[in-house]
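Visitor: Chains as they are written, first to last, in the UniProt record's numbering: chain A, 1 to 208; chain B, 1 to 208; chain C, 1 to 208; chain D, 1 to 208.
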DNA sequence: TGATAAGCGAGACGGTACGTCGGGTCTTCCC
DNA sequence: GGGAAGACCCGACGTACCGTCTCGCTTATCA
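(1) For residue 15 of chain D, count neighbouring C-beta atoms within 10 Å of its own C-beta (all shown protein chains included) and say buried if the count is 16 or more, exposed if not.
(2) Would DSSP call residue 12 of chain D helix, strand or coil?
(3) Straight-line CA distance for residue 163 of chain A to residue 194 of chain B?
(4) Is there at least one Cβ from chain A nearer than 8 Å to residue 56 of chain B's Cβ?
(5) With 16 as the cutoff for other CB atoms within 10 Å, does residue 172 of chain D come out buried or exposed?
(6) The alpha helix (DSSP H) spanning residue 153 of chain C covers which residue range?
(7) Using the Cα positions of residue 7 of chain B and residue 19 of chain B, report the straight-line distance between them to the nearest angstrom.
(8) Taking 7 Å as the cut-off, is the CB of residue 54 of chain A close to at least one heavy atom of the ligand COA?
(9) Can you give me, in chain order, the residues of the stretch 87-120 of chain D that have a beta carbon less than 8 Å from any beta carbon in chain C?
(10) Is DSSP giving residue 34 of chain B helix, strand or coil here?
(11) Hey, is residue 168 of chain C's beta-carbon within less than 8 Å of any beta-carbon in chain D?
(12) Taking only three categories from DSSP, how would you classify residue 1 of chain C?
(13) For residue 125 of chain B, return the contacting residues in chain A, with the cut-off set at a CB-CB distance below 8 Å.
(14) Kindly say whether residue 202 of chain C, judged by its beta-carbon, lies nearer than 8 Å to any beta-carbon of chain D.
(15) Say whether chain D places a C-beta atom closer than 8 Å to the C-beta of residue 198 of chain C.
(16) For the alpha helix (DSSP H) containing residue 182 of chain D, list its first residue and its last residue.
(17) I'd like the ranges of any alpha helix (DSSP H) spanning at least 4 consecutive residues and lying wholly in the stretch 117-180 of chain B.
(18) With a 10 Å radius around its C-beta and 16 neighbouring C-beta atoms as the bar for buried, classify residue 13 of chain A as buried or exposed.
(19) Is there a Cβ from chain C that is less than 8 Å from the Cβ of residue 4 of chain D?
(20) Residue 67 of chain B: buried (16+ other C-beta within 10 angstroms of its C-beta) or exposed?
(21) Is the beta carbon of residue 106 of chain B closer than 8 Å to that of residue 129 of chain B?
(22) Take every Cβ of the stretch 126-146 of chain B, pair it with every Cβ of the stretch 129-146 of chain A, and state whether three or more of those distances are shorter than 8 Å.
(23) So, do the stretch 90-99 of chain B and the stretch 176-196 of chain B have three or more beta carbon pairs nearer to each other than 8 Å?
(24) List, in chain order, every chain D residue whose beta-carbon is nearer than 8 Å to that of residue 32 of chain C.
(25) Mind checking which residues open and close the alpha helix (DSSP H) that includes residue 189 of chain C?
(26) Return no unless some Cβ of chain C is closer than 8 Å to the Cβ of residue 70 of chain D.
(27) In chain order, what residues of the same chain lie with their CB nearer than 8 Å to the CB of residue 182 of chain B, ignoring the 5 residues before and after it?
(28) Starting from the C-beta of residue 113 of chain C, find all residues in its chain whose C-beta is less than 8 Å away, skip the five residues before and the five after it, and write them out in chain order.
(29) Hey, would you say residue 124 of chain C sits closer than 8 Å to residue 136 of chain D, going by beta carbons?
(30) Cβ of residue 189 of chain B less than 8 Å from any chain A Cβ?
(31) Report the option in C/150, C/11, C/41, C/31 whose CA atom is closest to the CA atom of residue 24 of chain C.
(32) Could you work out which residues of chain A lie near residue 164 of chain B, taking near to mean beta carbons separated by less than 9 Å?
(33) Mark residue 167 of chain A as exposed unless 16 or more other C-beta atoms lie within 10 angstroms of its C-beta, in which case mark it buried.
(34) Classify residue 17 of chain D as helix, strand or coil using the three-state DSSP reduction.
(35) Give me the Cα-Cα distance between residue 65 of chain D and residue 159 of chain C, rounded to the nearest whole angstrom.
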């Protein structure tokens with residue numbers, strides 16, 4: 001793991017890494033989270049179970065990475081030239097992701113497990129949360145360039161604002177889709193986005 | 001199952017029912033959802049596995065009922081005066097609830113499970129979502145009376161607004177606490193509440 | 001195991017016991033000792049692996065019992081009316097058993113393992129050694145009735161004599177067949193038996 | 001393999017050869033045959049598994065060579081005077097050898113393995129059986145000189161007698177020590193030797 | 001002297017079997 | 001007929017070794 005380690009012995013196969021993650025996603029689609037077995041994933045990937053366990057300690061960690069790869073692939077910053085339109089597009093992208101049964105189940109299952117497993121919690125944070133927070137940071141910077149949001153004078157409140165925005169967007173959409181069970185359609189998205197933008201523009205964060 | 005059926009034979013032990021649910025909740029606290037085993041629950045309850053399966057068809061159904069009982073016991077809706085204070089109090093109360101290990105685990109586990117089980121999804125809606133939503137309606141009406149929020153002219157947008165508020169509050173708090181893993185402290189609560197209130201006040205919902 | 005235990009719960013299936021031992025012997029014939037797997041035996045017996053492990057702690061103990069069953073089945077006291085003829089018949093029976101590849105390998109493997117496993121050693125003693133020693137006791141009693149051997153005056157030397165005879169017969173035959181690798185044919189059997197009988201008749205054991 | 005082949009390239013390390021065999025023997029003492037792993041041997045020898053497999057095709061071949069080395073080191077043939085004393089001394093010496101854990105395990109393991117491996121069977125014959133048999137021939141000749149045993153008239157029966165004696169002595173002692181699990185003490189040795197000598201003296205072998 | 005060829009340590013790899021665990025069912029005896 | 005006990009089948013788990021492979025490096029001999 002360390003950059004200076006692993007100079008000796010046969011190096012790990014990057015091909016195997018890819019095959020395993022692909023197989024995990026495929027298995028997730030075919031059989032769902034609860035029926036997913038390590039042996040099945042290994043077989044699909046054309047890889048020995050040991051190879052799999054050498055990289056991931058258990059099913060949850062593997063699924064986190066597979067889900068993270070899906071997020072990486074499906075979520076991108078649209079850059080439509082307008083903050084409101086950008087947010088609406090990202091919200092709809094995210095909602096579309098949560099429509100996929102394998103993703104909604106896997107994501108929630110992994111979060112549920114993480115409430116009792118700090119290691120897994122850390123992995124979720126680094127592999128999913130922190131990676132997707134880039135969308136917020138990017139969008140916020142663009143909006144400030146355009147003057148849609150007040151420019152930061154201090155880095156600390158800026159980071160706090162990014163965190164708040166991320167939790168509000170991701171949390172609200174997940175809650176609407178999975179807990180309330182209502183559709184995240186364009187109309188709702190408009191309402192939500194409008195509320196969010198007005199709130200952000202009007203309410204400067206406390207000094208902290 | 002019917003009340004008039006099974007007039008013969010030994011009646012089921014009500015004591016066993018209670019012991020099983022209590023044991024399930026205790027096991028949930030100790031070991032979490034995924035490590036929970038039927039054998040363990042039976043042993044804790046001092047009951048045979050047979051007895052357990054005679055009442056619940058499988059592990060999911062048992063745990064769902066146990067979790068529902070936990071929520072019934074812990075959810076209380078305080079009655080406050082000022083909109084900002086109302087929201088902040090609710091947020092902090094909810095966050096306190098999510099600090100309890102059995103609640104955070106049980107909530108996410110049940111949501112995860114519900115993504116594959118419509119029966120469970122319906123139960124969550126009626127037992128948890130709808131009950132909390134009444135608080136939102138109440139708080140919003142009070143704020144309109146005080147002029148903190150614009151008065152509704154139409155009942156449909158009013159219901160949509162309540163839904164939006166509910167998803168934003170519950171979703172954002174859960175996401176901050178369980179996914180981002182950051183504390184829901186008074187400072188963050190102030191920032192979040194201010195953003196929310198400003199957004200709600202400034203952004204009239206679309207006609208829909 | 002204790003006579004008074006096991007009064008509650010479902011009793012173990014005697015059918016499973018038989019099926020497992022039969023399957024073990026069949027697998028021994030088909031694939032030999034080293035390729036024998038618990039999973040294969042279970043599958044052949046139409047039984048779950050757990051059922052197998054509930055009865056035998058490991059492969060060695062299972063094979064001991066399977067070999068013991070073969071011995072029980074193939075070794076019997078001929079009762080030809082003459083000590084010399086009786087011994088020769090038993091020796092040839094035993095040698096025929098050692099001609100079976102699955103028996104010779106399994107027996108030696110199990111003895112080899114037993115040199116490091118007291119539990120296994122005890123099992124071999126009770127299931128094989130002590131059971132086959134009956135042949136010696138029976139043959140010796142018959143010979144004394146006929147006057148071919150001096151009658152015992154003391155039970156202790158009698159038992160010591162039986163042990164000695166058993167070790168001499170079994171050990172010599174195994175050594176000839178498996179170590180020296182020479183055939184145990186009728187001619188050699190005649191020589192060996194003559195030597196043994198003369199020795200036993202002429203050399204009263206020490207008082208002990 | 002041929003001396004003139006492989007004239008180029010780095011020569012194999014003689015040190016590694018020795019270290020591997022020593023490590024194998026040490027591991028045999030510590031863990032026995034079946035628990036012996038190639039990885040463990042390699043680690044003990046401070047050598048890579050590759051180095052090990054470059055010299056021996058598989059575990060069996062390695063262990064066979066290691067065991068042969070053990071026997072070469074431990075087998076010594078004393079020269080005695082009187083037939084009865086000769087035999088008793090050899091029996092006790094052999095029994096003492098079988099008390100060493102690595103010898104008892106290695107001997108039986110090698111015999112077990114040889115039931116499926118002609119190459120190994122041949123090696124056992126030449127390295128162990130034939131060497132010990134010379135002692136029998138010598139002892140028998142001395143006994144005939146002294147008149148303790150009838151003199152041979154024919155070389156063929158003489159060889160057969162030597163074989164018989166060898167199988168009877170070695171087989172009986174091994175069986176007593178390892179299968180019956182009883183001590184080969186002086187008393188038992190006296191009984192056994194007396195029986196053997198009387199038998200040999202009284203029973204002339206068949207013409208063959 | 002520098003190319004060539006093997007040996008070597010390290011450790012990842014595809015496999016196979018292991019022995020265990022848990023789910024959900026069935027069977028026995030007792031109330 | 002309910003209940004406790006526990007055996008049963010099934011299937012997945014995570015581990016341990018096997019014997020092979022692929023690296024980077026070392027150490028010989030030959031040109």
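For glycine and all other residues, C-beta sits at the position ideal for the given N, C-alpha and C.
Remember, predicted model here, so these are calculated numbers, not experimental data.
Guide: The short version:
(1) Indexing the fourth chain from 1 puts residue 15 of chain D at position 15. By the 10 Å Cβ count, residue 15 of chain D comes out exposed.
(2) If you number the fourth chain from 1, residue 12 of chain D lands on position 12. In this structure, residue 12 of chain D counts as coil in the three-state DSSP scheme.
(3) The sequence position of residue 163 of chain A within the first chain is 163, counting from 1. The sequence position of residue 194 of chain B within the second chain is 194, counting from 1. Straight-line Cα distance between these residues: approximately 15 Å.
(4) Sequence index remark: in the second chain, residue 56 of chain B carries index 56 (1-based). Nearest CB-CB separation between residue 56 of chain B and chain A: not below the 8 Å threshold.
(5) Translated into positions along the fourth chain, residue 172 of chain D becomes position 172. With 16 or more other Cβ atoms within 10 Å, it is buried.
(6) In the third chain, counting from the first residue as 1, residue 153 of chain C sits at position 153. Taken as a continuous stretch (DSSP letters only), residue 153 of chain C belongs to no alpha helix (DSSP H), as it is neither H nor E.
(7) For the purposes of this step, residue 7 of chain B is taken as residue 7 along the second chain, with counting starting at 1. For the purposes of this step, residue 19 of chain B is taken as residue 19 along the second chain, with counting starting at 1. Because residue 7 of chain B carries a pLDDT of 47, less than 50, the predicted location of this residue cannot be relied on, and the following value inherits that uncertainty. Each residue's alpha carbon lies about 24 Å from the other.
(8) In terms of ligand content, the structure shown is empty, and the ligand COA therefore cannot be addressed.
(9) 101, 104, 105, 108, 109, 111, 112, 114, 115, 116
(10) The residue you call residue 34 of chain B lines up with position 34 of the second chain. In the structure shown, residue 34 of chain B sits in a helix (DSSP, three-state: H, G or I).
(11) As a position in the third chain, residue 168 of chain C is number 168, starting the count at 1. True, the Cβ-Cβ gap to chain D drops below 8 Å.
(12) Stepping through the third chain from its first residue, residue 1 of chain C is reached at position 1. Only weak support exists for where residue 1 of chain C lies, its pLDDT of 40 falling under 50; the value from the coordinates is given anyway. Three-state result, residue 1 of chain C: coil.
(13) In the second chain, the residue the question calls residue 125 of chain B occupies position 125. Under the 8 Å cutoff, chain A gives 180, 181.
(14) Translated into the one-based positions of the third chain, residue 202 of chain C becomes position 202. At least one chain D Cβ lies under 8 Å of residue 202 of chain C.
(15) Position 198 of the third chain holds residue 198 of chain C. Any Cβ of chain D closer than 8 Å to the Cβ of residue 198 of chain C would place that residue at the interface, and such an atom is present.
(16) Residue numbering aside, residue 182 of chain D sits at position 182 when the fourth chain is read from its first letter. Here residue 182 of chain D belongs to no alpha helix (DSSP H), and DSSP marks it neither H nor E.
(17) 118-124, 130-146, 155-174
(18) Residue 13 of chain A sits at position 13 when you count from the first residue of the first chain. Answer is exposed; the Cβ neighbour count stays below 16.
(19) Counting from 1 along the fourth chain, the entry for residue 4 of chain D is found at position 4. Reliability of the predicted coordinates at residue 4 of chain D is poor, the pLDDT of 44 falling under 50, and the value obtained from them is presented with this limitation in mind. Cβ-Cβ to chain C under 8 Å: no for residue 4 of chain D.
(20) In the second chain, counting from the first residue as 1, residue 67 of chain B sits at position 67. Counting the other Cβ atoms within 10 Å of the Cβ of residue 67 of chain B gives 16 or more, which makes it buried.
(21) Along the second chain, one-based indexing puts residue 129 of chain B at 129. Along the second chain, one-based indexing puts residue 106 of chain B at 106. Not in contact: residue 129 of chain B and residue 106 of chain B (Cβ atoms no closer than 8 Å).
(22) By the criterion of at least three beta-carbon pairs nearer than 8 Å, the stretch 126-146 of chain B is not in contact with the stretch 129-146 of chain A.
(23) yes
(24) Working through the third chain from its first residue, we reach residue 32 of chain C at position 32. Correct list: 116.
(25) Mapped onto the third chain, residue 189 of chain C falls at position 189. Following the DSSP letters along the chain, one finds residue 189 of chain C inside the alpha helix (DSSP H) bounded by residues 186-202.
(26) Within the fourth chain, residue 70 of chain D is the residue found at index 70, counting from 1. Not an interface residue.
(27) Within the second chain, numbered from 1, the residue matching residue 182 of chain B stands at position 182. 176, 188, listed in sequence order.
(28) Working through the third chain from its first residue, we reach residue 113 of chain C at position 113. Excluding positions up to five away in sequence, the list reads 60, 120.
(29) In the third chain, residue 124 of chain C corresponds to position 124, counting from 1. In the fourth chain, residue 136 of chain D corresponds to position 136, counting from 1. Contact flag unset, no.
(30) On the second chain, residue 189 of chain B is found 189 positions in, with the first residue counted as 1. For residue 189 of chain B, the answer is no, since every Cβ of chain A falls outside 8 Å of its Cβ.
(31) Numbered from 1 along the third chain, position 24 holds the residue referred to as residue 24 of chain C. Among C/150, C/11, C/41, C/31, the Cα nearest to that of residue 24 of chain C belongs to C/41.
(32) Taking the first residue of the second chain as 1, we reach residue 164 of chain B at position 164. By Cβ distance, chain A contributes 172, 176, 188, 191, 192, 195.
(33) Taking the first chain and counting its residues from 1, one reaches residue 167 of chain A at position 167. Counting Cβ neighbours within 10 Å, residue 167 of chain A comes out buried, since at least 16 surround it.
(34) Within the fourth chain, residue 17 of chain D is the residue found at index 17, counting from 1. Helix.
(35) Within the fourth chain, the letter at position 65 stands for residue 65 of chain D. Within the third chain, the letter at position 159 stands for residue 159 of chain C. Answer to the nearest angstrom: the Cα atoms are 41 Å apart.
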